[in-house]
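Residue numbers (the working numbering): 120 to 726.
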Ligand code: F6R
């Protein structure tokens with residue numbers, strides 16, 4: 120996944136690159152490096168480990184007016200090491216490359232280059248790019264990069280500098296994100312907007328197979344045929360401060376506190392006077408007249424939002440819904456029927472599996488509506504229509520506020536499909552829309568459970584295994600709760616449909632095993648309570664989550680989290696936050712890096 124950044128301008132390039140990398144560390148953090156062209160010489164500094172190690176290495180080094188590129192790595196080819204860190208250079212050490220993506224045919228290219236006498240020093244796929252550029256270089260860096268990328272199969276966002284061209288960065292992109300920041304007397308490239316926001320709010324998006332030359336005073340973009348490409352700047356209206364911690368100890372806890380606002384903004388962007396309007400994304404009478412099926416495709420947390428979508432769209436609109444994990448969907452020869460709507464959910468809008476699944480569905484004739492957080496991202500650009508969530512930048516690797524806003528978007532779609540299909544009458548529609556509108560305010564009450572959850576986590580953090588159980592929407596919520604806990608606290612956990620436990624998994628419950636039971640589906644409350652009793656009888660310690668007024672028997676739960684009353688169908692919107700807080704506090708107690716869990720990265724742009 121890796122993050123790349125580049126700068127051409129009058130400032131000292133070293134802090135600009137290091138600050139940019141800091142904003143991109145969520146994309147990978149196992150090594151980092153810089154290449155600077157200053158005084159006609161290319162200088163490369165890189166090191167294994169977190170960005171702090173590179174900052175120490177660069178201490179005291181100043182390079183005003185130089186051009187430079189930087190990289191933070193999430194290892195794909197070769198372990199995190201000095202040799203495998205970017206930037207990579209050609210043998211003469213006068214061309215340097217940073218790369219995000221995967222060069223799929225790198226072995227073939229490497230063999231060919233080795234036969235020509237090139238000596239490789241790393242195990243990476245990226246190193247072939249530096250040598251390829253050198254192989255095609257005849258005095259024109261842009262032409263050499265173009266020739267090199269024409270031989271590459273796979274995905275790439277590239278930043279290239281050379282000491283023979285001390286004023287320029289050449290950038291190229293295919294299937295990995297790359298933005299260009301257009302400043303005054305300075306221009307930048309980066310994998311993501313927060314890295315450049317301190318210097319400019321005007322952003323140009325490079326399209327697939329385009330290359331660009333970036334100098335201090337100009338940005339020139341060329342399409343795959345070498346023709347100049349026009350590009351309008353997108354003005355970023357969110358603040359750099361939104362991508363900072365703002366006094367919180369971690370991004371994750373800050374982002375959880377932003378949920379009420381993010382959910383309200385997402386709802387308000389589409390809801391006026393008690394009516395939701397999604398006609399501009401094609402959710403209208405005409406669509407519903409022909410609709411036969413809805414497909415939902417996403418990965419990880421976004422997939423769990425999709426699973427909620429399956430339950431509520433089927434319930435409110437009585438339209439069959441299939442929810443798929445993107446990496447499975449793309450290879451299972453999926454059946455797309457005429458009149459099928461595909462909903463693609465992605466925070467980053469760049470997830471490789473989700474993007475490929477979307478392309479597959481499009482190829483097979485589905486109409487695509489994407490729920491995306493990052494404006495201008497690839498999925499947003501390629502979908503037929505986009506429903507943007509308004510979570511703002513999400514920096515912590517574990518998704519929190521973005522998930523809540525994805526749910527908001529899904530509820531809006533379900534309500535509209537219900538109204539348009541005639542399965543929801545006006546009174547029910549209005550009641551649900553009012554209920555949805557009350558959620559952001561109720562979320563402020565939900566956040567007040569944090570002291571109780573923090574206290575409970577301080578007693579439970581040494582648990583080696585946790586089971587999350589629930590029925591119906593509470594089961595889907597449990598899947599997300601379990602993912603959140605395991606990804607940041609490294610505690611093994613499983614989500615189970617409460618009624619399914621007795622078919623095998625209950626064998627794992629022993630004295631003291633923690634079971635987190637959600638019982639927020641009133642119609643299933645008694646059944647869930649029976650399942651809680653089953654685990655309690657086998658010695659489990661139980662954390663129960665229910666509505667304020669629920670009649671949770673005092674003898675079966677060791678701790679009860681009570682949440683404000685709302686309709687059962689909105690339960691996941693409220694109940695996920697205590698689960699996120701639980702994962703957060705368990706991780707803090709264990710002393711792990713909450714925002715940057717091991718082996719993960721924020722934006723998964725590899726398959
Ligand atoms: C978990 C998490 C991941 C992402 C998944 C999809 O907290 O963040 O499971 O949800 O990698 O990412 P997006 O939504 O960017 O497509």
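Just so it is clear, CB atoms sit at the ideal spot from N, CA and C, and this is done for glycine as well.
Please read these numbers as outputs of a predicted model, since none were measured by experiment.
C-alpha gap between residue i and residue j, whole angstroms
i, j, result
"residue 508", "residue 371", "18 angstroms"
"residue 503", "residue 373", "33 angstroms"
"residue 441", "residue 221", "30 angstroms"
"residue 463", "residue 302", "33 angstroms"
"residue 638", "residue 666", "8 angstroms"
"residue 552", "residue 157", "59 angstroms"
"residue 418", "residue 473", "7 angstroms"
"residue 426", "residue 595", "7 angstroms"
"residue 725", "residue 139", "22 angstroms"
"residue 398", "residue 457", "20 angstroms"
"residue 689", "residue 669", "16 angstroms"
"residue 171", "residue 239", "28 angstroms"
"residue 173", "residue 145", "16 angstroms"
"residue 673", "residue 635", "15 angstroms"
"residue 135", "residue 649", "59 angstroms"
"residue 265", "residue 271", "10 angstroms"
"residue 322", "residue 495", "10 angstroms"
"residue 177", "residue 141", "14 angstroms"
Beta-carbon proximity check, residue i vs residue j, cutoff 7 angstroms
i, j, result
"residue 652", "residue 675", "yes"
"residue 320", "residue 354", "yes"
"residue 208", "residue 143", "no"
"residue 454", "residue 565", "no"
"residue 289", "residue 324", "no"
"residue 167", "residue 199", "yes"
"residue 152", "residue 196", "no"
"residue 248", "residue 188", "no"
"residue 584", "residue 611", "yes"
"residue 505", "residue 491", "yes"
"residue 394", "residue 527", "no"
"residue 586", "residue 600", "no"
"residue 662", "residue 569", "no"
"residue 258", "residue 193", "no"
"residue 127", "residue 333", "yes"
"residue 423", "residue 671", "no"
"residue 533", "residue 708", "no"
Delimiting residues of the alpha helix (DSSP H) encompassing residue i
i, result
"residue 603", "592-608"
"residue 256", "Residue 256 -> no alpha helix (DSSP H), and no H or E assigned at all."
"residue 554", "545-566"
"residue 538", "520-540"
"residue 174", "170-176"
"residue 654", "644-655"
"residue 478", "471-482"
"residue 689", "Counting along the chain, residue 689 falls outside any alpha helix (DSSP H), and DSSP gives it neither H nor E."
"residue 305", "Run containing residue 305: none in the alpha helix (DSSP H); it sits in the beta strand (DSSP E), 305-309."
"residue 684", "It is not in any alpha helix (DSSP H) - residue 684 carries neither H nor E in the DSSP assignment."
Simplified DSSP state of residue i, which is helix, strand or coil
i, result
"residue 264", "helix"
"residue 575", "helix"
"residue 201", "coil"
"residue 696", "helix"
"residue 437", "coil"
"residue 315", "coil"
"residue 185", "coil"
"residue 620", "helix"
"residue 639", "coil"
"residue 500", "helix"
"residue 629", "coil"
"residue 666", "strand"
"residue 432", "helix"
"residue 423", "helix"
Distance cut-off 6 angstroms: residue i Cβ against heavy atoms of the ligand NAP
i, result
"residue 466", "Within the structure as shown, the ligand NAP is missing, the only ligands being the ligand F6R."
Host beta strand (DSSP E) of residue i (start-end)
i, result
"residue 586", "584-589"
"residue 460", "459-465"
"residue 341", "338-341"
"residue 281", "275-281"
"residue 506", "504-507"
"residue 329", "329-333"
"residue 715", "Run containing residue 715: none; DSSP gives neither H nor E here."
"residue 301", "298-301"
"residue 486", "486-491"
Counting only runs that start and end within the segment 347-417, where is the alpha helix (DSSP H) found for 4 or more residues in a row? Counting whole runs of 4 or more residues, the segment 347-417 contains the alpha helix (DSSP H) stretches 370-376, 378-387, 404-409.
Mind listing, in chain order, the continuous alpha helix (DSSP H) runs of no fewer than 4 residues lying wholly within the segment 123-165? Runs found: 132-143.
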